[in-house]
Amino acid sequence: MPERWSAFSYLVTNLARFVRPDEVTFSGVNSTPPMLACLLAKRAYDFDFVYLNVAGGVQPTPSSIPRSSSDPVLAEGSTAIFANEDFYDLCTRGGMDLCFLGAAQVDGLGRPNVSAIGDWHAPKVLLPG
0 MPERWSAFSY
10 LVTNLARFVR
20 PDEVTFSGVN
30 STPPMLACLL
40 AKRAYDFDFV
50 YLNVAGGVQP
60 TPSSIPRSSS
70 DPVLAEGSTA
80 IFANEDFYDL
90 CTRGGMDLCF
100 LGAAQVDGLG
110 RPNVSAIGDW
120 HAPKVLLPG
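0 is the number of the first residue of the sequence shown in numbering that gives the first Met the number 0; add one for each residue after it.
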């Protein structure tokens, strides 16, 4: 085991600290560090929480470390498989406690922009949020 932690190790470990008992937690697409943080939390913590991922897995127990956050191995051992629209329905109903999602932009105060880039009435890029 290395004597010094890498920046990546610190990132994954600190993200895992956001997971709380009895919460529903989700990691999205292209979110490998949050996915690893959720898998770490499942192994390290002595409390239960529900972990859903963009691959559709609910409470997955992958046999190997996934190469990406949408790797099919994230469906292994799952208690259920969620369709993408089921995830969004759950979010709309307020059933999600913690979501690890990306943002196109983050300002100096840490606020994510998931709506539009440029002028609000004539955006250069229209985002899904």
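For every residue, glycine included, the Cβ atom is placed at its ideal position computed from N, Cα and C.
In this structure, DSSP gives residue 51 an extended state, which the three-state scheme calls strand. Around the beta carbon of residue 65, a 10 Å sphere encloses 16 or more other beta carbons of the protein chains shown; the residue is thus reported as buried. Three or more beta-carbon pairs separated by less than 8 angstroms are not found between the stretch 42-49 and the stretch 110-123, which leaves the two stretches without contact.
For residue 15, the enclosing alpha helix (DSSP H) starts and ends at 6-15. Residue pairing of residue 104 in beta bridges, as defined by DSSP: 112. The continuous alpha helix (DSSP H) containing residue 91 extends over residues 83-91. Per DSSP, reduced to three states, the secondary structure at residue 28 is coil, with no helix or strand assignment.
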